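Number of protein chains: 2
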Amino acid sequence: MPIQMELRRIIISELDAHQYVVLKEVAGERNFPIVVGIFEATSIDRRVKGEESPRPLTHDLILSVVEQLGGEVRDVVISDLKDHTYFAKLRVRKDGELIEVDCRPSDALAVAVASRVPIFVAESVLGEALAGEDD
Amino acid sequence: MPIQMELRRIIISELDAHQYVVLKEVAGERNFPIVVGIFEATSIDRRVKGEESPRPLTHDLILSVVEQLGGEVRDVVISDLKDHTYFAKLRVRKDGELIEVDCRPSDALAVAVASRVPIFVAESVLGEALAGEDD
Numbered sequence: 045m046p047i048q049m050e051l052r053r054i055i056i057s058e059l060d061a062h063q064y065v066v067l068k069e070v071a072g073e074r075n076f077p078i079v080v081g082i083f084e085a086t087s088i089d090r091r092v093k094g095e096e097s098p099r100p101l102t103h104d105l106i107l108s109v110v111e112q113l114g115g116e117v118r119d120v121v122i123s124d125l126k127d128h129t130y131f132a133k134l135r136v137r138k139d140g141e142l143i144e145v146d147c148r149p150s151d152a153l154a155v156a157v158a159s160r161v162p163i164f165v166a167e168s169v170l171g172e173a174l175a176g177e178d179d
Numbered sequence: 045m046p047i048q049m050e051l052r053r054i055i056i057s058e059l060d061a062h063q064y065v066v067l068k069e070v071a072g073e074r075n076f077p078i079v080v081g082i083f084e085a086t087s088i089d090r091r092v093k094g095e096e097s098p099r100p101l102t103h104d105l106i107l108s109v110v111e112q113l114g115g116e117v118r119d120v121v122i123s124d125l126k127d128h129t130y131f132a133k134l135r136v137r138k139d140g141e142l143i144e145v146d147c148r149p150s151d152a153l154a155v156a157v158a159s160r161v162p163i164f165v166a167e168s169v170l171g172e173a174l175a176g177e178d179d
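Chains as they are written, first to last, in the numbering used here: chain A, 45 to 179; chain C, 45 to 179.
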């Protein structure tokens, strides 16, 4: 059963190649960081702060494409963790069908924030992510 | 009649907020520069050089979304120039229909390079872009 998460914090450091988004359980306190690219971190940060962009950005284009092809982004899921790498899916509803599109968590989170859809994490991934913190 | 163009040069300067892609007519010598974001410039540059990314990047995700929703990117068009700002469209074929999705030229070019589809520029835009150089 996937767990619904929310953005707790975005940590952007221009001195570091790795930026972080901390996801926290909506109905609890469990949380873990995910490394994202500087581009996606900036995109997420800008939207969270409500900064308007004069032109649609790349993640808005993803939403336009989904919409114009007759779909609707329903949610995003961080679905897997292998060798310290997270995997994610955009879940798109189209003609009553649920289509899962593989993507990086960076893009999944940026799309979720842009389209205001829920973010889920597979229970197994959350368990592993938390276990990993004790390394 | 849109004119088919190709990438002639990508100019990336980390000291400058503006990066440039120079588009050149396939069947002629007319060419003009378009300002693109650093993210898209890097994405385009990497692909042109054939550098593989270990994970699908944001513009690959756009292609996956199009494909999984039953469409196919046919080409991209730089369709308009207003107040020194270029506008573009991704043209997607789906169920025999041609769907045009508005986007920034940055994203259009990154998608074109990622999906190896042709790049077109409206004749009027090319004319204005060249006239603009005499300013």
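Note that beta-carbon positions come from the ideal geometry of N, C-alpha and C, so glycine has one too. Computed from a predicted structure; not experimentally measured.
Residues bridged to residue i [DSSP beta-bridge criterion]
| i | result |
| --- | --- |
| Q112(A) | DSSP output for Q112(A) lists no bridge partner at all. |
| M49(C) | E69(C), I163(C) |
| K126(C) | T129(C) |
| P77(A) | V66(A) |
| K93(A) | Answer is none; K93(A) lacks a bridge partner. |
| L142(A) | R137(A) |
| D60(C) | D60(C) pairs with nothing; no bridge assigned. |
| I54(A) | V65(A) |
| D119(A) | R135(A) |
Exposure label - residue i; buried when at least 16 CB within 10 Å
| i | result |
| --- | --- |
| G94(C) | exposed |
| L153(A) | buried |
| M45(C) | exposed |
| L174(A) | exposed |
| D104(A) | buried |
| P98(A) | exposed |
| D179(C) | In this prediction, D179(C) has a pLDDT of 48, which is less than 50 and means its spatial position is unreliable; nothing more can be read from the coordinates. |
| L142(C) | exposed |
| A132(A) | buried |
| T102(A) | buried |
| G140(A) | exposed |
| E84(A) | buried |
| S57(A) | exposed |
| S168(C) | exposed |
| L125(A) | buried |
| A61(A) | exposed |
| D119(C) | buried |
| D151(A) | buried |
| L59(C) | exposed |
| V155(C) | buried |
| V92(A) | exposed |
| E50(C) | exposed |
| A166(C) | buried |
| R135(A) | buried |
| R53(C) | exposed |
| G72(C) | exposed |
| V121(A) | buried |
| V117(C) | buried |
| V80(C) | buried |
Chain A contact residues for residue i, given Cβ-Cβ distances below 8 Å
| i | result |
| --- | --- |
| S180(C) | This structure cannot speak to residue 180(C), because chain C is shown only from 45 to 179. |
| V136(C) | V109, Q112, L113 |
Listed by chain order, chain A residues near residue i by CB distance under 7 Å
| i | result |
| --- | --- |
| D151(C) | T102, L105 |
| G115(C) | L113 |
Interface residues of chain C facing residue i [CB-CB closer than 7 Å]
| i | result |
| --- | --- |
| F83(A) | F83 |
| Q112(A) | I143, V145 |
| R99(A) | R148 |
- Pairing CB atoms from the stretch 103-119 of chain A with CB atoms from the stretch 153-162 of chain A, are three or more of them under 8 Å? yes
- Residues, ordered as in the chain, of the stretch 61-91 of chain A that lie near chain C by beta-carbon distance below 8 Å: F83, E84
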